[in-house]
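Scroll down for the structure; my scribbles are underneath it.
Protein chains in written order, with the numbering used here: chain A, 1 to 270; chain B, 1001 to 1272.
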C-alpha cells in the first residue's frame, strides 16, 4: 500500500486489506486451526461412538413418541413447584442484593473495606454455577425444594448485585448533591436521590433474572434440589422415554410462557 | 399535591408527597394483596423441616472442615479435566458458529420465506428452552459418557444463542447492498454470500468469542451429569467425599472463569 512500491497510479491495484491486516488475519486463522487440531487430536473420543451418534439419537427420539400423558398431574404439580422455586428465590435474592449493591458501588459504599467485601460477595456468588451451589446445599439441607431455592438465591445475588451496583455507579450526582445541600439524612438521600434513578434498572434486572431462574430451576432436580428435574431424572432412570417426552414438552411450554410473561412485564413496568 | 382538599389549603400548609409508583390505587393494592397471598401460599407449602436443617448444620460443618485446606495433590487430574473442558468448548464453539449461520439465515424475517422463517425460529426456540444440563443428560444416554456428549450439548447451546443474535443482526442489515446485487441479476445464494455475509461477519466473530467463554463455563456444569470435562472431575471428587479436592477444583474453576471473562471482554472491546 505504500507509495514507494507503486510509483504510478496506473500500476496500483485495489486490495481489500493492507498487508498488515492480511498478516493478522492469517495468524488468527492459524491459531484457530492449531486449536482445533490440538483439540481433535488429543481429546478422549471413542470415534465409533461418534459415527454411531446420529443413529442413537434417532433411536432415542423414536422411543419418545407418542408422549405419555398418564402422569400429567404429577408433572403439572412439579411445574408449579419449579415456578415457586424460581419466584421465591428471585424475590429473596432481590431483597438481599440491595444492601450488597449499595456497598459494592464505588460512590455509595461507606469505606474501602465494605467495597471489597461487597465485590468479594458478588464475584464468589457469580462464579459458582447454580448446580454447584445446589450440590452443596443438597448435601447440607437434604434433597428438596429448600436446597434449590437457596442455591438459586446464592447465584442470583451476584448477578443482581453486580448490575444494580453498576447502575448506582452511573447515576447523576446532582440530585444527591442537591439533597445533601438541604441537610437531608443519608437515608433520605438514598430514598429520594438514588432510588428513583435506579428503579428502571432494578425492575429490568429483576425480571431478567426471574426468567433465567425459571430455566435454571428446571434442572435443579437432577441433583435432588426439587422441581420438575426430580421427575425428569426419575423418568430417565426408569427409561420411561415417553414420559420424558411429556416432561420435556412441559418444560418448553413453561419456559416460553415465562419468557412471554417477562417480556410483557418489561414493557408494562419500564 | 393534586387532591382538591390540598389544593384548597394555603400554600404554606401544602406538603409534597412522593407520587405512588402505580397511579391506579385499585391496581396498586390489588398487586400488593396478590403478591402477599402468593408469598404466604408459596412459603406455606415449602417443606420446612427444622430437625433436618439442624442436622444439616452439623453436616455443613463436617463438609467445610473436610474441605479446608483445599487439596491440590492430584493436580494432574485437575489439569487433564480442564484441558478436556477447553477442548470441548473449542470444538463446540466452532461447530455451533458454523451451524448457526444457516439457521440464522433461515430465522431472519427479511431474507427467508415465511415457512422457512418459522422453522428457523422453532429450531432456535427449542435450542434455547432447554438448559444445557437437560440436553447433556439426553446426549449422555444416547452417545455414552464422555466428551462427545459434552460437545453435542454445547453445540446445541451455542446455536440457540448465536443463531438468535445473528438473525437479529441480519434483520438490521443495510438493504442497499442486497438491492444492488439483485439488480445485477445475482443468484440468491450469491446475494447472501456477497451482500449479507460481509455485513454480519464482525458480529459473528464477536459472538464467537463471547460463546467460547460461555461454553467454557457451561462445560464445567454439563460434566456434572457425565458429559466430560472438569465437571466430571468435580462430580467424582464430590461423590467420593473428597471435599478438599472438590474445593480445590471449584477454586480453580472460579479462577479460570474470571480470567476467561477478562480475556474475552478485552478481545471483544479491541475488535468491537
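Where is the CB? At the ideal position from N, CA and C, for every residue including glycine.
Q) Does any C-beta atom of chain A lie closer than 9 Å to the C-beta of residue 1131 (chain B)? A) Taking the first residue of the second chain as 1, we reach residue 1131 (chain B) at position 131. Yes, residue 1131 (chain B) counts as interfacial toward chain A.
Q. If we ignore side chains and look at the alpha-carbon of each, how far apart do residue 257 (chain A) and residue 1047 (chain B) end up?
A. Position 257 of the first chain, counting from 1, holds the residue named residue 257 (chain A). Position 47 of the second chain, counting from 1, holds the residue named residue 1047 (chain B). Approximately 27 Å between the Cα atoms of the pair.
Q) Do you know how far the Cα of residue 1036 (chain B) is from the Cα of residue 1203 (chain B)? A) Position 203 of the second chain, counting from 1, holds the residue named residue 1203 (chain B). Position 36 of the second chain, counting from 1, holds the residue named residue 1036 (chain B). Approximately 45 Å, taken between the alpha carbons.
Q: Please report how far the alpha carbon of residue 82 (chain A) lies from the alpha carbon of residue 92 (chain A), in whole angstroms.
A: Reading the first chain from its first residue, position 82 is the one you call residue 82 (chain A). Reading the first chain from its first residue, position 92 is the one you call residue 92 (chain A). Using only the alpha carbons, I get a separation of about 16 Å.
(Q) Are the CB atoms of residue 141 (chain A) and residue 150 (chain A) within a distance shorter than 9 Å? (A) Working through the first chain from its first residue, we reach residue 150 (chain A) at position 150. Working through the first chain from its first residue, we reach residue 141 (chain A) at position 141. Yes.
Q | In chain order, each alpha helix (DSSP H) run of at least 4 residues that lies wholly inside the region 1130-1197 of chain B | A | 1132-1143, 1147-1171, 1175-1183 and 1188-1191
Q | residue 75 (chain A) to residue 232 (chain A) span [Cα, whole Å] | A | Walking along the first chain from the start, residue 75 (chain A) turns up at place 75. Walking along the first chain from the start, residue 232 (chain A) turns up at place 232. Going from the Cα of residue 75 (chain A) to the Cα of residue 232 (chain A) covers about 9 Å.
Q) Would you say residue 1096 (chain B) reaches chain A, if we count a Cβ-Cβ gap shorter than 9 Å as a contact? A) Taking the second chain and counting its residues from 1, the one referred to as residue 1096 (chain B) is at position 96. Not one chain A Cβ lies under 9 Å of residue 1096 (chain B).
Q) Which whole-angstrom value describes the C-beta separation of residue 1119 (chain B) and residue 1106 (chain B), a residue pair presumed to lie in contact below a C-beta threshold of 8 Å? A) Counting from 1 along the second chain, the entry for residue 1119 (chain B) is found at position 119. Counting from 1 along the second chain, the entry for residue 1106 (chain B) is found at position 106. Sure, about 6 Å apart at Cβ, within 8 Å.
Q) Along the chain, where does the alpha helix (DSSP H) that runs through residue 251 (chain A) open and close? A) Looking up residue 251 (chain A) in the first chain gives position 251. Run containing residue 251 (chain A): 241-269, per the alpha helix (DSSP H) assignment.
Q. Listing by chain order, which chain B residues have their CB less than 9 Å from the CB of residue 237 (chain A)?
A. Reading the first chain from its first residue, position 237 is the one you call residue 237 (chain A). Ordered by position in chain B, no residue passes the 9 Å Cβ test against residue 237 (chain A), which lies about 10 Å from the chain.
Q: Use the C-beta contact count for residue 1161 (chain B): other C-beta atoms within 10 angstroms, 16 or more gives buried, fewer gives exposed.
A: Start at 1 with the first residue of the second chain, and residue 1161 (chain B) comes out as number 161. Counting Cβ neighbours within 10 Å, residue 1161 (chain B) comes out buried, since at least 16 surround it.
Q: Can you give me the start and stop residues for the alpha helix (DSSP H) that residue 142 (chain A) sits inside?
A: Translated into the one-based positions of the first chain, residue 142 (chain A) becomes position 142. Looking at the DSSP string, residue 142 (chain A) is not in any alpha helix (DSSP H), and its letter there is neither H nor E.
Q: Note down, in chain order, all residues in the region 1138-1160 of chain B with a beta-carbon under 8 Å from any beta-carbon belonging to chain A.
A: 1138, 1139, 1141, 1142, 1143, 1144, 1146, 1147, 1148 and 1152
Q | First through last residue of the alpha helix (DSSP H) which encompasses residue 1038 (chain B) | A | Indexing the second chain from 1 puts residue 1038 (chain B) at position 38. Counting along the chain, the alpha helix (DSSP H) containing residue 1038 (chain B) begins and ends at 1025-1044.
(Q) At a CB distance below 8 Å, what residues from the region 75-109 of chain A approach chain B? Give them in sequence order. (A) 84, 87, 88 and 91
Q: Consider the Cβ of residue 1087 (chain B): report whether some Cβ of chain A lies at a distance smaller than 9 Å.
A: The residue labelled residue 1087 (chain B) in the question sits at position 87 within the second chain. Answer yes: the Cβ-Cβ gap between residue 1087 (chain B) and chain A drops below 9 Å somewhere.
Q. Do you know whose CA, among B:1143, B:1158, B:1058 and B:1114, lies nearest residue 48 (chain A)'s CA?
A. Along the first chain, one-based indexing puts residue 48 (chain A) at 48. For residue 48 (chain A), the nearest C-alpha among the options comes from B:1143.
Q: Within the same chain, show all residues whose beta-carbon is closer than 8 Å to that of residue 1005 (chain B), passing over the 5 residues directly before and after it, in chain order.
A: Within the second chain, residue 1005 (chain B) is the residue found at index 5, counting from 1. The predicted model places residue 1005 (chain B) with a pLDDT of 48, which falls under 50 and marks its position as unreliable; any figure quoted below should be read in that light. Result list for residue 1005 (chain B): empty, nothing under 8 Å.
Q: Using a threshold of 9 Å, state whether the C-beta atoms of residue 1245 (chain B) and residue 1073 (chain B) are closer than that.
A: In the second chain, residue 1245 (chain B) corresponds to position 245, counting from 1. In the second chain, residue 1073 (chain B) corresponds to position 73, counting from 1. The answer is yes: Cβ separation under 9 Å.
Q) Any idea what DSSP makes of residue 1070 (chain B), helix, strand or coil? A) Counting from one through the second chain, the residue named residue 1070 (chain B) turns up at place 70. DSSP places residue 1070 (chain B) in coil when its eight states are reduced to three.
**Q.** Spatial neighbours of residue 96 (chain A) in its chain, beta-carbon cut-off 8 Å, leaving aside the 5 residues before and after
**A.** Sequence index remark: in the first chain, residue 96 (chain A) carries index 96 (1-based). Once the five neighbours on either side are set aside, the close Cβ partners of residue 96 (chain A) are 153 and 157.
Q) At a Cβ threshold of 9 Å, is residue 73 (chain A) touching chain B? A) Mapped onto the first chain, residue 73 (chain A) falls at position 73. Chain B contact via Cβ: absent.
Q. Just the Cα atoms here: how many angstroms apart are residue 1232 (chain B) and residue 1220 (chain B)?
A. By one-based count along the second chain, residue 1232 (chain B) stands at place 232. By one-based count along the second chain, residue 1220 (chain B) stands at place 220. Each residue's Cα considered, the two are about 8 Å apart.
Q | Beta carbon proximity, residue 1250 (chain B) to chain A, threshold 9 Å | A | Along the second chain, one-based indexing puts residue 1250 (chain B) at 250. With 9 Å as the cut-off, residue 1250 (chain B) counts as an interface residue toward chain A.
Q | Under 9 Å between C-beta atoms of residue 193 (chain A) and residue 178 (chain A) | A | What you label residue 193 (chain A) is simply residue 193 of the first chain in a count that begins at 1. What you label residue 178 (chain A) is simply residue 178 of the first chain in a count that begins at 1. Result yes, Cβ atoms of residue 193 (chain A) and residue 178 (chain A) sit closer than 9 Å.
**Q.** Pair within 9 Å by beta-carbon distance, residue 1175 (chain B) and residue 1110 (chain B)
**A.** Here the question's residue 1175 (chain B) lines up with position 175 in the second chain. Here the question's residue 1110 (chain B) lines up with position 110 in the second chain. Yes; because the gap between Cβ atoms is below 9 Å, this pair is in contact.
Q) If you measure from the beta carbon of residue 1005 (chain B) to each beta carbon in chain A, is any gap under 9 Å? A) The residue given as residue 1005 (chain B) occupies position 5 in the second chain. Confidence in residue 1005 (chain B) is poor, its pLDDT being 48 and thus under 50, which makes the residue's placement unreliable; the coordinate value appears in the next sentence. Not one chain A Cβ lies under 9 Å of residue 1005 (chain B).
Q: Please classify residue 69 (chain A): does DSSP put it in a helix, a strand, or coil?
A: Mapped onto the first chain, residue 69 (chain A) falls at position 69. Residue state, collapsed to three classes: coil.
Q: Tell me whether residue 1016 (chain B) sits in a helix, a strand or coil according to DSSP, three-state version.
A: The sequence position of residue 1016 (chain B) within the second chain is 16, counting from 1. Note: residue 1016 (chain B) maps to coil in three-state DSSP.
Q: Going by CA-CA distance only, name the one from B:1150, B:1195 and B:1234 that's closest to residue 1183 (chain B).
A: In the second chain, residue 1183 (chain B) corresponds to position 183, counting from 1. With distances taken between Cα atoms, residue 1183 (chain B) lies closest to B:1195.
Q) Would you say residue 245 (chain A) and residue 19 (chain A) are within 9 Å of each other, going by their C-beta atoms? A) Sequence index remark: in the first chain, residue 245 (chain A) carries index 245 (1-based). Sequence index remark: in the first chain, residue 19 (chain A) carries index 19 (1-based). For residue 245 (chain A) and residue 19 (chain A), no; Cβs fall outside 9 Å.
Q. Do three or more CB pairs link the region 1207-1227 of chain B to the region 1124-1133 of chain B at distances below 8 Å?
A. yes
(Q) Pop quiz: residue 1078 (chain B) and residue 1254 (chain B) are said to be a contact at Cβ under 8 Å. What is the actual Cβ separation, rounded to whole angstroms? (A) Here the question's residue 1078 (chain B) lines up with position 78 in the second chain. Here the question's residue 1254 (chain B) lines up with position 254 in the second chain. So it is not a contact: roughly 13 Å between Cβ atoms.
Q) How big is the Cα-Cα spacing for residue 1146 (chain B) and residue 68 (chain A)? A) The sequence position of residue 1146 (chain B) within the second chain is 146, counting from 1. The sequence position of residue 68 (chain A) within the first chain is 68, counting from 1. Roughly 30 Å between the two C-alpha positions.
**Q.** Reduced DSSP secondary structure (H/G/I, E/B, other) of residue 193 (chain A)
**A.** Reading the first chain from its first residue, position 193 is the one you call residue 193 (chain A). Helix at residue 193 (chain A).
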